[in-house]
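Asker:
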Amino acid sequence: MTGDQSETGLPPAAGVVLAECQPLAQRFAAAGFRLYLVGGIVRDFFAGRSTTEPDLDFTTNASPAEIKRLVAPVAEALWAQGERFGTIAAKVDGRLVEITTHRAEAYDPESRKPRVVFADDVLVDLSRRDFTINALAVDLTTFSPRLIDPFSGVTDLRSGLLRTPLEPSESFSDDPLRMLRAARFVARLDLRPDAGVVTAMALMAERLDVVSAERIRDEFDKLLLSPDPRGGLDLLLATGLATRFVPELSEAQVDAVSALPPDPVVRLAAVLQVAGSSGARQRLRSLRHSRRVIERVSSLVAAVERWRDHDGIWSDAETRTLVASTGDDAGMVVELLSQIARQGVGESLERALHDLGRREDLEDLGPPLDGESVMAELGLAPGPEVGAALRHLHHLRLATGPLDGDAARRLLHDWWNERSGSCDPS
Numbered sequence: 326m327t328g329d330q331s332e333t334g335l336p337p338a339a340g341v342v343l344a345e346c347q348p349l350a351q352r353f354a355a356a357g358f359r360l361y362l363v364g365g366i367v368r369d370f371f372a373g374r375s376t377t378e379p380d381l382d383f384t385t386n387a388s389p390a391e392i393k394r395l396v397a398p399v400a401e402a403l404w405a406q407g408e409r410f411g412t413i414a415a416k417v418d419g420r421l422v423e424i425t426t427h428r429a430e431a432y433d434p435e436s437r438k439p440r441v442v443f444a445d446d447v448l449v450d451l452s453r454r455d456f457t458i459n460a461l462a463v464d465l466t467t468f469s470p471r472l473i474d475p476f477s478g479v480t481d482l483r484s485g486l487l488r489t490p491l492e493p494s495e496s497f498s499d500d501p502l503r504m505l506r507a508a509r510f511v512a513r514l515d516l517r518p519d520a521g522v523v524t525a526m527a528l529m530a531e532r533l534d535v536v537s538a539e540r541i542r543d544e545f546d547k548l549l550l551s552p553d554p555r556g557g558l559d560l561l562l563a564t565g566l567a568t569r570f571v572p573e574l575s576e577a578q579v580d581a582v583s584a585l586p587p588d589p590v591v592r593l594a595a596v597l598q599v600a601g602s603s604g605a606r607q608r609l610r611s612l613r614h615s616r617r618v619i620e621r622v623s624s625l626v627a628a629v630e631r632w633r634d635h636d637g638i639w640s641d642a643e644t645r646t647l648v649a650s651t652g653d654d655a656g657m658v659v660e661l662l663s664q665i666a667r668q669g670v671g672e673s674l675e676r677a678l679h680d681l682g683r684r685e686d687l688e689d690l691g692p693p694l695d696g697e698s699v700m701a702e703l704g705l706a707p708g709p710e711v712g713a714a715l716r717h718l719h720h721l722r723l724a725t726g727p728l729d730g731d732a733a734r735r736l737l738h739d740w741w742n743e744r745s746g747s748c749d750p751s
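Residue numbers for the sequence shown follow this note's numbering, beginning at 326 and rising by one.
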């Protein structure tokens, strides 16, 4: 092992969190056990990021049964569902905590689940972590909190390097999802992957096939939530990892995806628009996305398809109708279409979106009156006629532009009188 176990170096930002941990740490110390704070919160102490994590992760040399015995008297709630994996969860002083016995697990070559082996030494536990920047611990049961950094994770973090504690091939074989996680950390923390990490990812890309679709989906969504996912997406492409679960991703899309707001829905649409709406649905189903996400993404992709099928100059009415077709995601489709258009194949639509967006709110394309107003104006009870009136008002909004309340009510009455007259048998 490289690096050192530092007696110093914990930044002032860690003080509040470490003080919060002390009552729990004292219980473990009094029983003769060690308790270490681990996880992203320790890394973020040194990354200059917010340390307001909703929960705290600990590791200890106490067994799961001993953890329960020590935590139960001070816990507002306790959950033992993860006990066979060595993890006991609890709510202590309003904070969610997870305490796990030191582990030295390994994965079977074709397995999606770890073979759990408990360890006595925190250094063994840290060696099984995904990356050196996450192989950090704070010993809370010494006289003063002490940083444990056996793999120089703090140095790597400060120099912008992403490495694994063990050989990359061993780390990725233990849990192939770590290859996707590498892309997320590259993007989120602006790191450069070690050459050995890149090589192992390229050689072991097919190992991702043993990982469940749900885990892949969640990790990719986290990457797409990064303010600038460019570095992570480039890494997925360079190593061939993208072809294992999202073959639609290409170098040409990376700039557009990265320029969009950090929302997985619109960024997934930017990736999957090359597959069309039916292809997008199929890909999202394969990744076990929710029905709601599938509908939203495919609606955005369908708008891109309609744009591509359109010839000539876009009228205001056509532009409004296209944007409105995505419902509550109108703002997203404006961003998406603008970014795709900037790739050099949609100048007419980009101009139309820009010009119309200066004159009116393209995120407010619904009917100018709501159902209650329609019923009050026309003296109607709830029923299909109210829906017909709202559809007519929506059509007018898309065809003519914004309508103030007076104009909307006048046009509503004109429509109603004409409709009533046409239904008059005399």
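All C-beta atoms, glycine included, are put in the ideal place defined by N, C-alpha and C.
1. Using the rule of at least 16 other Cβ atoms within 10 Å of the residue's Cβ for burial, across every protein chain shown, is A733 buried or exposed?
2. Quick one: complete alpha helix (DSSP H) runs, 4+ long, within the region 669–704?
3. Taking L514 as the reference, which of G485, A525, G357 has the closest Cα?
4. Tell me which residues share the same chain as R606 and place their Cβ nearer than 7 Å to its Cβ, disregarding the 5 neighbours each side in the sequence.
5. Report, in whole angstroms, the separation of the C-beta atoms of I665 and L612, which I expect to be a contact under 8 Å.
6. Are the CB atoms of V479 and P470 nearer to each other than 7 Å?
7. May I ask you to list the residues that DSSP assigns as paired with P518?
8. In whole angstroms, what is the alpha-carbon distance linking V523 and R722?
9. Does the pairing of the region 393–405 with the region 485–502 give three or more beta-carbon distances under 8 Å?
10. With DSSP run on the structure shown, which of helix, strand or coil describes L736?
11. Please look up how many angstroms separate the CB atoms of A344 and L360, rounded, as I've assumed it's under 8 Å.
12. Taking Cβ to Cβ, would you say S757 is nearer than 7 Å to I638?
13. Could you check the C-alpha separation between A400 and A414 for me, to the nearest Å?
14. Along the chain, where does the beta strand (DSSP E) containing F755 start, and where does it finish?
15. Write down every uninterrupted run of the alpha helix (DSSP H) in the region 547–597 whose length is 4 residues or greater and which is fully enclosed by it, in chain order.
16. Just the C-alpha distance for R453 and K547, rounded to the nearest angstrom, thanks.
17. Give every residue of the same chain whose Cβ lies closer than 7 Å to the Cβ of E743, excluding the five residues on either side of it in the sequence, and list them in chain order.
18. State buried or exposed for G373, treating a residue as buried only when at least 16 other CB atoms are found within 10 Å of its CB.
19. Given a cut-off of 7 Å on the beta-carbon distance, is the pair A628 and L647 in contact?
20. Assuming contact is defined by CB atoms lying nearer than 7 Å, are L718 and P692 in contact in what I supplied?
21. Measuring CA to CA, which of V658, L690, E531, R368 is closest to R483?
22. What number of angstroms, rounded off, separates the C-alpha of P552 from the C-alpha of F545?
23. Compute the Euclidean distance between the alpha carbons of P707 and M700, then round it to the nearest angstrom.
24. Considering only their Cβ atoms, is the gap separating E573 from L609 smaller than 7 Å?
25. Just how far apart, CA to CA, sit H635 and G601?
26. Per DSSP, what kind of secondary structure is L465 in: helix, strand or coil?
27. So what does DSSP say about L335, is it helix, strand or coil?
28. Helix, strand or coil for W741? Go by DSSP, reduced to three states.
29. Relative to the ligand FMN, is the shortest distance from any of its heavy atoms to the C-beta of E539 smaller than 6 Å?
30. Have a look at the DSSP bridge pairing and note the partners of T425.
31. Going straight from the alpha carbon of T384 to that of G656, what length do you get?
32. Measure the alpha-carbon distance for S386 versus A530 and round it to whole angstroms.
33. Spell out the partners DSSP gives R420 in its beta bridges.
34. Would you identify the three-state DSSP class for A444, choosing helix, strand or coil?
35. Look at L487 and D474 and say whether their C-beta atoms are less than 7 Å apart.
36. So, for D534: in the same chain, excluding its five sequence neighbours on each side, which residues have a beta-carbon less than 6 Å away from its beta-carbon?
Answerer: So, from the data block:
1. buried
2. 672–684, 696–703
3. G485
4. I619, S623
5. Actually they do not touch by this definition, with Cβ atoms about 22 Å apart.
6. no
7. L487
8. 53 Å
9. no
10. helix
11. Contact flag wrong, Cβ pair sits at about 14 Å.
12. Nothing can be reported for residue 757: it is not among the residues displayed for the chain, which extend from 326 to 751.
13. 10 Å
14. Residue 755 lies beyond the residue range present for the chain, which begins at 326 and ends at 751; the question has no answer from this structure.
15. 555–564, 576–584, 589–597
16. 22 Å
17. none
18. exposed
19. yes
20. yes
21. R368
22. 14 Å
23. 7 Å
24. no
25. 15 Å
26. coil
27. coil
28. helix
29. As far as ligands go, the structure on display features none, and thus does not contain the ligand FMN.
30. T384, T412
31. 44 Å
32. It should be noted that the sequence gives Asn, not Ser, for residue 386. C-alpha separation (whole angstroms): 35 Å.
33. V417
34. coil
35. no
36. none
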